[in-house]
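In the working numbering, the protein residues as written are 62 to 428.
What follows is the structure, encoded as structure tokens:
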């Protein structure tokens, strides 16, 4: 690989309009604000302490279900032994038929514990088996301080997470088209039921796109939210917060105003060129695969390294990866984008033939 290094200033960084993070006054026992694109934590307060998470659990239930189900339109027949969960309900009846998608809406909008149980038992055979799938997914997401014992979020000594881990879960849910769409829905009528989203931020905070509320007396109020502004998506998590609507407004505003998204590169932007071997085309332009942004506060800057292969051998197609652009902050990699060949090249230069190949061509009358 060859490297080209350059400094990138935090172009157009916003003036610091909010007080420093440590001066923010919130009511949460634990809280975190994360940039969804990069995963950078913009604010945290006791973000890694395991706590009860109540019905924000259902984000994991929905994510596992969306990934495991072959068809969300499959009809689920509710069995009597799956019913009887305490707490919030969409009032499912034994023998009733409902699509899995309908159950997911009841799960995330109405926070139905009965919907959670039916989803779990339908997809895994039992809630215990489904909880194992939830823990497996948590491990994949890097949720190191989390444990799931049920699909609804009812209090259990083996059921907990952290503000940071729940932000990782929210990040994954935003990447799931199904889960993200349902979380952002304000209300929907499915059959004879109308589900209304409990997340008041969908009405109160401009740009809010969900995600999930929760409450038990022991856990207190828990809330995971996400909002979009100027192409930037932020995730906010508070656990045991008696004033969560106002705190999320305050925390999201702090994140957007203090750490605005800076465009590091545009899709298709040329960041170098490499030699082409075996073709009449001498070089191939290296262009970025996609746009990349990163949140930076005033005065912060990144360094960029462009790493390219020494050469690319023909034939190759446009879009072949030939390198990578890497951005670092204080020596730590914070963003990377593949660099692709802008155009392809055919094999225009024939490889040299060995002695026996040349002799065969001559004896057979070839050139």
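Where a beta carbon is used, it is the ideal one built from N, C-alpha and C, also for glycine.
In this text the structure is predicted, and so the values were computed from the model without any measurement.
Determine whether the beta carbon atoms of residue 400 and residue 367 lie at a separation below 9 angstroms.
yes
Okay, do the region 143-152 and the region 219-239 touch, 3+ Cβ pairs below 8 angstroms being the bar?
no
So residue 437 and residue 144 are supposed to be a Cβ contact under 8 angstroms. How far apart are they, rounded?
Lying before the first or after the last residue shown, residue 437 is absent from the chain, which here runs from 62 to 428.
Quick one: Cα of residue 382 to Cα of residue 292, how far?
26 angstroms
Taking buried to mean at least 16 other C-beta atoms within 10 Å of its own C-beta, is residue 83 buried or exposed?
Bear in mind that a pLDDT of 48 at residue 83, under 50, signals an unreliable position, so the model cannot answer this.
Beta-carbon proximity check, residue 244 vs residue 95, cutoff 9 angstroms
no
Taking residue 121 as the reference, which of 157, 108, 194, 182 has the closest Cα?
194
Tell me the DSSP secondary structure of residue 320 in three-state form.
coil
Hey, how far is the Cα of residue 338 from the Cα of residue 327?
28 angstroms
What alpha helix (DSSP H) runs, 4 residues minimum, are completely inside the region 208-280?
224-236, 238-244, 262-265
Quick check for students: name the residue ranges of the beta strand (DSSP E) that lie wholly in the region 287-355, counting only runs of 3 or more.
293-300, 322-326, 331-338, 344-349
Just list the residues that DSSP pairs residue 388 with in beta bridges.
365, 396
Does the region 113-120 come within contact of the region 278-285, defined as at least 3 CB pairs closer than 8 angstroms?
yes
Any 3 or more C-beta pairs closer than 8 angstroms across the region 343-356 and the region 380-395:
yes
Bridge partners of residue 282, per DSSP?
276
Alpha carbons only, please: which of 230, 319, 240, 212 is nearest the one belonging to residue 39?
Given a span of 62 to 428 for the chain in the structure shown, any question on residue 39 remains unanswerable.
What would DSSP say about residue 408, mapped onto helix, strand or coil?
coil
Residue 210 beta carbon less than 9 angstroms from that of residue 192:
yes
Is there a Cβ from chain C that is less than 9 angstroms from the Cβ of residue 329?
Absence of chain C from the displayed structure is noted, only one protein chain being present.
Over the uninterrupted beta strand (DSSP E) stretch that includes residue 106, give me the two end residues.
102-106
Using DSSP's beta-bridge definition, name the partner residues of residue 190.
DSSP output for residue 190 lists no bridge partner at all.
In chain order, each alpha helix (DSSP H) run of at least 4 residues that lies wholly inside the region 85-132
119-129
Give the secondary structure of residue 424 by DSSP, where H, G and I count as helix, E and B as strand, and everything else as coil.
helix
What residue range does the alpha helix (DSSP H) around residue 166 cover?
161-169
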